[in-house]
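Here the UniProt record's numbering is used: position 223 in the sequence shown is 223, and no number is missing along the way.
Glycine included, each C-beta is placed from N, C-alpha and C at the ideal position.
No experiment lies behind these values; they were computed from the predicted model shown.
To start, the structure itself, in structure tokens.
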Amino acid sequence: MARRKTPTVEYTINGVTRERKKRTETFGTLEMLKSGKWRVKYYLNGHRYATPAFDDKMEAERYRAELEAERRAGTLKPPAAIKATNFKEYAHTWVEQHRTSKGKALAPRTKAENLRMLSNGLSFFNPYSLTDIDAPLIRKWHAQRCKNAGATTAGNEARVLKAILQTAVNDDVLEKNPVPGELTRSKTGKEHRAPTTGELKRILDHLEGQWRVAVLIAAFGGLRAGELSALERRDIEVRNGRVVIHVTKQAQWLDGEWIVKPPKSVDGVRFVTLPEWIAPDVETHLRRNVSQFPNCRVFVPSRGAKYVSTATWGRVLHKAMADAGIDAPIHWHDLRHYFGTELAKNGVGIRELQAALGHGTPAASLSYLEQEHGLTAALADRLPRLGDSSMIEFPRKTEVRTA
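Below is the structure:
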């Protein structure tokens, strides 16, 4: 029985005609991932696709061969698993399933904010599959968002995009994260700062009642606006002439309703001892304005709302600043910034600062340290002074000359 002749092709090199076997064209390629798994990458109808990862190379090769057979038969279509790598579907699934580094689901406000970003700026990527999103496309999008929405908004959205695509890398859908790191740090440059001690005193001089007490607690206890709004009488006690506040919850306005939830991080549940000189103001406010029932709120809005909103806290502060003649970029949260920076100036270590602010990580507390450039006189004077007897003199090397 005659053997079937292997197909050959002729080619010419340096004027000499030669013959070689005709290469067999295969559909798709195999790619080994960093995890040791394999996947198939192929083009279909002008689009690039990547399959889910396989545990071994032979399994991936069998799947590639099946894809090739379907393509030759004209029946190949993108499978449902690959369709799921469309950015819009993947991103919304990510928001629902994502967990923090401590294994907890996203906070309601964070989840709502991420969904808002997906509906606004990040909707640009909805028509794309994950594998089609690359750095040039992201840079083009970021430049447009900076122009339309501002650099800060673009940076916030880029951070969420980077987190989503990093999960895709972990899922072996992408080989690497295409989001350039510098895009996640873009900001508009709008400045705001903590008030000086002199400015804070002038602000307090133009406040009275519960608003004065609230500013004192924010500036000298470091409570967030939502934590102040959720304070109840049972959260405050007086010990030996000092006020101790137990911070266990915060109030937030979300999707048209108030919710009360634990503080921003697990370490946000804490107790705060106020300076002794603030105790009379707090005790007077509790006696005159707060009911004796344990669950009565310490601060109440003037128009019958359930809790004092973030906007109300801001209006109170800015009115007092205007009355005091202070024209500076200071917001309510900067009172907490004042608390952190004053502790740092007085030698509090990073761990103590982290505990006082209720931060989950030391890195979060570092943002409250406003460092001056250079070495101040106060810091220079802390360096040890060496007397003459403490100085170490090294003998100089002498040259020996010969005549």
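- Sequence-distant partners of L317 (beyond 5 residues in either direction) whose C-beta falls short of 8 Å from its own C-beta, in its chain, are I203, V215, I330, H331, W332, L335.
- Secondary structure of N295 (DSSP, three-state): coil.
- Of the candidates R145, V173, A149, A225, the residue whose Cα lies closest to the Cα of I133 is V173.
- Cβ neighbours of R39 within its own chain (closer than 8 Å, five residues either side excluded): L30, E31, L33, A50, T51, P52, A53, F54, A60, D172.
- The three-state reading of DSSP puts S35 in coil, since its state is none of H, G, I, E or B.
- Scanning the region 192-260 from its first residue to its last, the whole alpha helix (DSSP H) runs of 4-plus residues come out as 197-205, 209-221, 225-230.
- Nearest to G340 by alpha-carbon distance, out of Q354, D327, A328, is Q354.
- When secondary structure is reduced to three states using DSSP, E89 falls in the helix class.
- With a beta-carbon spacing of about 11 Å, E70 and G28 fall beyond the 8 Å limit used to define contacts.
- Each of E232, T248, Y307 was checked against the Cα of F293, and the nearest Cα belongs to E232.
- For a cut-off of 8 Å, the C-beta gap from V272 to G222 is around 7 Å, short enough to register as a contact.
- With contacts defined as CB atoms closer than 9 Å, L274 and I245 qualify as a contacting pair.
- In this structure, DSSP gives T361 a state outside helix and strand, which the three-state scheme calls coil.
- In this structure I164 is buried. Its beta-carbon is surrounded by 16 or more other beta-carbon atoms within 10 angstroms.
- In the DSSP annotation of this structure, the continuous segment of the alpha helix (DSSP H) that includes H333 starts and ends at 333-345.
- Taking the Cβ atoms as the reference, A279 lies roughly 6 Å from R242, within the contact range of under 8 Å.
- Contact between T153 and G121 holds, since their C-beta atoms are separated by about 7 Å, short of 8 Å.
- Residue pairing by DSSP places H47 opposite L44 in a beta bridge.
- Here F124 carries a helix assignment [DSSP, helix/strand/coil].
- Contact annotation, D205 with A324: C-beta distance approximately 7 Å; criterion of less than 8 Å satisfied.
- With distances taken between CA atoms, L161 lies nearest to I138 out of A194, I138, K111.
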